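Worksheet: the structure to be examined is printed underneath.
Number of protein chains: 2
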Amino acid sequence: MMHKLLILAQDGNKYRALIEEARLDHLEFATQPAADVDIVLGEPSLIKVALESLSALSWAQSIWAGVEPLLDPAARRDYILTNARGVFGKLMSEYIVGYLLAHERKMFQRIEAQKNKHWEDSDTGTLRGKMIGLLGVGSIGAEVARTAKFFGMTVRGYTISSEASTHVDMYYHGNDLLKFSTGLDYLVNILPNTNETRKIINANLLNSLPPHALFINVGRGSAVDESTLTEALNHNRIAGAVLDVFEQEPLPKDHPFWTIPNLRMTFHTAAPSLAEDITKLFIENYRLFNEGKSLKYQVDFKRGY
Amino acid sequence: MMHKLLILAQDGNKYRALIEEARLDHLEFATQPAADVDIVLGEPSLIKVALESLSALSWAQSIWAGVEPLLDPAARRDYILTNARGVFGKLMSEYIVGYLLAHERKMFQRIEAQKNKHWEDSDTGTLRGKMIGLLGVGSIGAEVARTAKFFGMTVRGYTISSEASTHVDMYYHGNDLLKFSTGLDYLVNILPNTNETRKIINANLLNSLPPHALFINVGRGSAVDESTLTEALNHNRIAGAVLDVFEQEPLPKDHPFWTIPNLRMTFHTAAPSLAEDITKLFIENYRLFNEGKSLKYQVDFKRGY
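Protein chains in written order, with my numbering: chain W, 43 to 347; chain H, 43 to 347.
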């Protein structure tokens, strides 16, 4: 049986070239939404727009981890949705380690000192011996935990029930969220967007952190109560925050986040979907699909990830 | 036989408390230079000043890696000099990885964007697959190499003859300096200050690097031809530099480095001597000294390290 693939991504040509190189069996390319397309590869927001014209759709491979647009209860769910997983862990780890070190090494403070021709040789901190807490330990969290152990940190993990990563020193679940967070040097959110994770970073959680703590959000903006975080940062209740994701993206020009001095923003760049990585994943899944086997990283529409 | 220890360091009280805790055999403390002091622990510049009053000096343990003040040919050399080694590798690795990630992640560029309320989501780079070159692979370089491999980099090492670290992919020696540097994404200097390393980072070496290369100096300022580096940075012949050490420290106010936009300075803070680490080293060496055995990390006055 022949399959027909539609690619819906900004760098679609790159994806097409990489897939053509792999010379996959029984695969043809479509250039626009059509009734004979049974596979789509692309960005969830673009796939959503095309959904109604894809009557034969059998499988959609998202090039992103987050698939919110396709979880809209009004949208079709009569196809297999797989997302990108297992490819962001190393990029996320680089991002997190990079900003932890920027904090410990006072990088931004020393840049300001340089502008003022001031020999700023105050003490630097180290990652060694610090306590990091990971909200969410899936494939990304496991890689972050492995990296944290490499640098000599102690790792706490908060999950629904999984204790799969051996690089987490202590696991917490359910009602133990504040036990998890109390005493952390660094709090990192990697949770997906679900009903349970919405505004999980609230006043109680932020108040449980010591004043020297740094908060990093690479999960979803919806996990943070943004006005509470604004207040905590403005009153120096924690040392700082590094945010890659926001409730609304791009962030509105009048949002208070723009001007908070101890807040660094990175504009959803922490873990870009690299065409090379995602294509590998697609090819692996296509072979399973073509053999009628079950696919990797299937999204549960109800659970939301 | 009793030994008498004089501590000469800015945080001398911290060192004394840590050593007292260890309750070492046959050890008394002196509070000032005296004729019965046979051991001194401290900063080389302070030790040098006291040298003439320490007629019974048998062993000096430096709390720094660099011991230049004590290498002055006019100064005494009739004692055993040991320096701090094996304790800076992890701190140096954190520093180097931190600034490599700051570069790849465009951290300073994104901070400027935030000030202008600009959603700066241009692509980020990654350490994975990059080529790093280490000028000098002693105990610090070996730890940097190990860290670079953790992040998926390819590692070149330039040494006099040693090929001890197994985390270096390719070694270079002698006249192969430009073979070593050609094509590097990152060049890191970790060499000590000797006649052979003076101004080793010159026009030839800088011209051999690609325009996107980043140069990091955590070795000694004397290794760099500073006016040549100034010119290379001002003409964007390389992408940038991160300097922790300088020919003259603190850097004179009229030095051109202060105002070069693609130069980050960190004011000799890359690898602080932590009292806990150095005391461990001292205690280990004291036990050997007390037993009449040869000490760890002995400095060769002629070689200079």
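We put the CB at the ideal spot given by N, CA and C, even for glycine. All figures in this text were calculated on a predicted structure; none of them were measured in a lab.
Under three-state DSSP, which class holds Val-287 of chain W?
coil
What does a CB cutoff of less than 6 Å around Lys-241 of chain H pick up in its chain, not counting 5 residues either side in sequence?
Asp-267
Does the Cβ-Cβ distance between Leu-50 of chain H and Ala-98 of chain H come in under 8 Å?
no
Is there contact here, the stretch 189–199 of chain H with the stretch 243–262 of chain H, by at least three beta-carbon pairs under 8 Å?
no
Which runs of the beta strand (DSSP E) fall wholly inside the stretch 201–265 of chain H and span at least 3 residues, in chain order?
Runs of the beta strand (DSSP E) inside the stretch 201–265 of chain H: 212–214, 228–231 and 256–259.
Could you check what DSSP says for Ser-315 of chain W in three-state terms: helix, strand or coil?
coil
Using the Cβ count rule (16 or more neighbours within 10 Å means buried), how would you classify Ile-202 of chain H?
exposed
Answer yes or no: does any C-beta atom of chain W fall closer than 8 Å to that of Arg-127 of chain H?
no
Return the residue from the list W:Phe-309, W:Phe-257, W:Asp-296 and W:Pro-234 that minimises the CA-CA distance to Asn-125 of chain W.
W:Pro-234
Runs of 4 residues minimum, wholly inside the stretch 97–143 of chain H: which ones carry the alpha helix (DSSP H) assignment?
As far as the stretch 97–143 of chain H is concerned, its whole alpha helix (DSSP H) runs of at least 4 residues are 110–113.
Short of 7 Å in beta carbon distance, which residues of its chain neighbour Met-44 of chain H, apart from the five on each side in sequence? Order them along the chain.
If we look at Met-44 of chain H and ignore the five residues flanking it on each side, its Cβ neighbours are His-68 and Glu-70.
Ile-232 of chain W versus Leu-123 of chain H - alpha carbon distance
Straight-line Cα distance between these residues: approximately 50 Å.
Roughly how many angstroms separate the alpha carbons of Gly-131 of chain H and Ala-312 of chain H, rounded to a whole number?
10 Å
Report the residue from H:Ile-174, H:Glu-110 and H:Leu-219 whose alpha carbon sits nearest the alpha carbon of Val-210 of chain H.
H:Ile-174
8 Å Cβ cutoff, His-310 of chain H in contact with chain B:
The structure shown contains no chain B; its protein chains are W and H.
Strictly under 8 Å for the Cβ-Cβ distance: is Asp-267 of chain H near chain W by that measure?
no
Report the residues of the stretch 317–336 of chain W with a CB closer than 8 Å to any CB of chain H, ordered along the chain.
none
Residue environment, Arg-147 of chain W, which counts as buried when at least 16 other CB atoms sit within 10 Å:
Buried is the call here.
Which class does Ile-320 of chain H belong to by DSSP, given the choice of helix, strand or coil?
DSSP, read as helix, strand or coil, puts Ile-320 of chain H in helix.
Residues of the stretch 143–167 of chain W with a CB closer than 7 Å to any CB of chain H: list them in chain order, please.
Leu-143, Ala-144, Arg-147, Met-149, Phe-150, Arg-152, Ile-153, Gln-156, Lys-159, Trp-161, Glu-162, Asp-163, Asp-165 and Thr-166
Rounded to whole angstroms, how far is the Cβ of Ile-138 of chain W from the Cβ of Val-82 of chain W, which I believe are closer than 8 Å?
In fact, because the Cβ distance is near 32 Å, the residues do not count as touching under 8 Å.
Output yes or no for whether 8 Å exceeds the beta carbon distance between Ala-64 of chain H and Ile-258 of chain H.
no
Which residues mark the beginning and the end of the beta strand (DSSP E) in which Lys-338 of chain W is found?
No beta strand (DSSP E) contains Lys-338 of chain W, which DSSP labels as neither H nor E.
Going straight from the alpha carbon of Phe-299 of chain H to that of Thr-301 of chain W, what length do you get?
29 Å
Supposed contact pair Ala-184 of chain W and Ser-207 of chain W - C-beta distance, whole angstroms, cut 8 Å:
4 Å
For Pro-314 of chain W, which residues in chain H fall below 8 Å Cβ to Cβ?
Asp-165 and Thr-166
Cβ of Pro-86 of chain W within 8 Å of Cβ of Ser-100 of chain W?
no
Contact check, Met-307 of chain H vs Gln-156 of chain W, beta carbons under 8 Å
yes
Note down, in chain order, every chain W residue with its Cβ under 7 Å from the Cβ of Val-139 of chain H.
Val-139 and Leu-143
At a CB-CB cut-off below 9 Å, which residues of chain H make contact with Leu-293 of chain W?
Lys-159 and Trp-161
Measure the C-alpha to C-alpha separation of Gly-263 of chain W and Arg-127 of chain H and round it to an integer number of angstroms.
So the alpha carbons of these two residues sit roughly 45 Å apart.
Note down, in chain order, every chain W residue with its Cβ under 7 Å from the Cβ of Leu-169 of chain H.
Against chain W, a Cβ distance below 7 Å from Leu-169 of chain H picks out Glu-136.
Taking CB distances under 8 Å as the criterion, tell me whether Arg-345 of chain H reaches chain W.
Chain W, which has no Cβ nearer than 8 Å to the Cβ of Arg-345 of chain H, makes this no.
Cα-Cα separation between Lys-295 of chain H and Lys-159 of chain W, rounded to whole angstroms:
6 Å
For Tyr-121 of chain W, which of W:Tyr-213, W:Glu-94, W:Gly-261 and W:Arg-188 has the nearest alpha-carbon?
W:Glu-94
With Ile-49 of chain H as the anchor, note down where its beta strand (DSSP E) starts and where it stops.
45–50
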